[in-house]
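Under our numbering, the first residue of the sequence shown is numbered 2, with each subsequent residue one higher.
Ideal placement from N, C-alpha and C gives every residue a C-beta, glycine not left out.
Bear in mind the structure is a predicted one, so any value in this text is a computation, not a measurement.
Data block below; observations after.
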Amino acid sequence: MTDQNILPPLTQIPAYLQTVADYEVEAQKHLSDMVWQYLQGGSMDEHSVRDNLAQFAQIHLLPRMLKDLTQGHTAIEILGQTFPHPIFVAPIGHQQQFHPEAEAATALAAEVLGSNMILSTFSNTDMRMLKQENPYKWFQLYWQGTREKSLALVQMAEAQHFKAIVVTIDSPHTGIRDRERRVFFHLPEGMQHPHTPTHIPLPALNQGDHPVFHGLMKIAPTWEDIAWLSEQTSLPIILKGIVNPHDAQLALQHGVQGIIVSNHGGRVLDGCIPPLTALQLIKKVVPTDFPVLYDGGIRRGSDIFKAIALGASAVLVGRPCIYGLATAGALGVAHVLKILKEEFEITMALMGTATVSEITTDYIFQK
Ligand SMILES: Cc1cc2nc3c(=O)[nH]c(=O)nc-3n(C[C@H](O)[C@H](O)[C@H](O)COP(=O)(O)O)c2cc1C
Numbered sequence: 002m003t004d005q006n007i008l009p010p011l012t013q014i015p016a017y018l019q020t021v022a023d024y025e026v027e028a029q030k031h032l033s034d035m036v037w038q039y040l041q042g043g044s045m046d047e048h049s050v051r052d053n054l055a056q057f058a059q060i061h062l063l064p065r066m067l068k069d070l071t072q073g074h075t076a077i078e079i080l081g082q083t084f085p086h087p088i089f090v091a092p093i094g095h096q097q098q099f100h101p102e103a104e105a106a107t108a109l110a111a112e113v114l115g116s117n118m119i120l121s122t123f124s125n126t127d128m129r130m131l132k133q134e135n136p137y138k139w140f141q142l143y144w145q146g147t148r149e150k151s152l153a154l155v156q157m158a159e160a161q162h163f164k165a166i167v168v169t170i171d172s173p174h175t176g177i178r179d180r181e182r183r184v185f186f187h188l189p190e191g192m193q194h195p196h197t198p199t200h201i202p203l204p205a206l207n208q209g210d211h212p213v214f215h216g217l218m219k220i221a222p223t224w225e226d227i228a229w230l231s232e233q234t235s236l237p238i239i240l241k242g243i244v245n246p247h248d249a250q251l252a253l254q255h256g257v258q259g260i261i262v263s264n265h266g267g268r269v270l271d272g273c274i275p276p277l278t279a280l281q282l283i284k285k286v287v288p289t290d291f292p293v294l295y296d297g298g299i300r301r302g303s304d305i306f307k308a309i310a311l312g313a314s315a316v317l318v319g320r321p322c323i324y325g326l327a328t329a330g331a332l333g334v335a336h337v338l339k340i341l342k343e344e345f346e347i348t349m350a351l352m353g354t355a356t357v358s359e360i361t362t363d364y365i366f367q368k
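Below, the structure written as structure tokens:
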């Protein structure tokens, strides 16, 4: 698509948009090639991007029949908070690239659908724009290089009534994204990020210093910083980007109250274990009531069911929300969330599960 042919966002939803896959095709028509490559791309050979999608086909559903489902519902509880359903909106930065209303549109759609929205540190929309009284919002923190700067963002989120802090820890360095490099990806000049500069100042390198290990790695957070942060805030700290069971155990030991199993949509470390496999390894080593959320490759309501059957407390949806945003702003995001919600509900009904807590490994068969 040449940039002259970019279509404006739709103002109503045509009947040909019925699935997340339909939205993926449509979204490309509404974005420049550079932004499309940024959205779709992963790191290096994109094995992880493909694995994230392919892993769901390895799991088959094993439904039960003739059960009474008349008391059915999709509500869940995490850390004392009740959510109408387990479909959360993943943090995605710089959303103005996809639609002028950016995160404000995504947040509106999430609110209407009762989806818990995780707002990125790199939001173009000020966190104060999200409705204070809407309880379904968490704030995603990228470590700001120092404890003081990181805590300042956490305190701002506390003041705005966000209910948890999601610290993303899997990208102390950006991934090597060949697609982005090929199209000279850059953010638009003058793009506003109300909470943080996009580039944290790097420590000055002395002669002989290593650009990676004495550069970004010097300002990357450690377990001690996470333990410290959890003592500074009354909000629960949830770590996003855990895939190793040892780290899941360390999280528990450092005051963390939940984790999100994720490989960042395959965008950071190519060849990283598929999160559905990681989820199963992690569930073996953490207490059953420890919240373990799942993130990556959710494109169908049946994917949500499978992740929950393998132990996820809830799932995050990333790129599909942006397909909706690029296609038709808040309306598009709302429709994407509605599609996933409806597919999940009907899958539950066909599987013979009346509540989310009933969804267990008894209902799946792995090839
Ligand atoms: C364009 C883009 C921007 C992202 N920005 C962030 C971010 O700011 N913070 C973060 O924690 N994760 C970020 N992620 C990762 C998502 O939160 C999520 O882990 C990933 O998209 C899940 O995979 P999915 O797209 O297959 O659902 C980003 C992902 C994409 C595609």
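Nearest to residue i (by Cα), restricted to the options the options
i      : options                           : result
Asp248 : Gly353, Gly267, Leu282 and His48  : Leu282
Ile238 : Pro189, Asp127, Leu18 and Ile79   : Ile79
Thr197 : Asp34, Gly272, Ser151 and Gln72   : Ser151
Gln254 : Leu270, Asp226, His200 and Leu236 : Asp226
Ala160 : Thr147, Glu149, Met218 and Glu134 : Glu134
Thr122 : Thr169, His174, Leu230 and Gln72  : Thr169
Leu20  : Leu142, Ala308, Ser303 and Gly353 : Checking the sequence shown, residue 20 turns out to be Thr, not Leu. Cα-wise, what sits closest to Thr20 is Ser303.
Val155 : Phe306, Leu142 and Thr147         : Leu142
Glu190 : Ile261, Thr71, Glu181 and Gln97   : Gln97
Lys241 : Gln72, Leu62 and Pro92            : Pro92
Val286 : Val244, Pro321, Ile274 and Arg300 : Val244
Leu32  : Leu8, His48, Ala350 and Tyr24     : Leu8
Near ligand 1: residue i beta-carbon under 7 Å from a heavy atom
i      : result
Arg268 : yes
Gly209 : no
Phe57  : no
Ile299 : yes
Thr169 : yes
Leu40  : yes
Thr278 : no
Val320 : This sequence places Arg at residue 320; Val is not what is there. Yes, Cβ of Arg320 sits closer than 7 Å to a heavy atom of ligand 1.
Gly176 : no
Reduced DSSP category for residue i - H, G, I as helix; E, B as strand; rest coil
i      : result
Gln96  : helix
Gly259 : strand
Val213 : coil
Val113 : helix
Val286 : coil
Met118 : strand
Phe140 : strand
Lys150 : helix
Leu371 : With the chain covering 2 to 368 only, the question about residue 371 has no answer from this structure.
Lys164 : coil
His174 : coil
Distance between beta carbons of residue j and residue i, contact taken as under 8 Å
i      : j      : result
Ala310 : Thr356 : Not really, about 13 Å apart at Cβ, beyond 8 Å.
Ser44  : Val213 : Incorrect: roughly 15 Å between the Cβ atoms, too far for contact.
Thr107 : Phe345 : At roughly 19 Å, the Cβ-Cβ gap does not stay under 8 Å, so Thr107 and Phe345 are not in contact.
Gly298 : Leu40  : Rounded, the Cβ-Cβ distance is 15 Å, inconsistent with contact.
Gly312 : Leu277 : No, Gly312 and Leu277 are not in contact; Cβ-Cβ is about 10 Å, not under 8 Å.
Ile261 : Asp296 : 5 Å
Pro87  : Val316 : 6 Å
His100 : Leu326 : 5 Å
Rounded straight-line distance, which links the Cα of residue j to that of residue i
i      : j      : result
Asp127 : Ala103 : 11 Å
His200 : Arg129 : 22 Å
Leu67  : Gln56  : 30 Å
Ala105 : Asp69  : 41 Å
Ile177 : Gly272 : 12 Å
Ser172 : Gln72  : 43 Å
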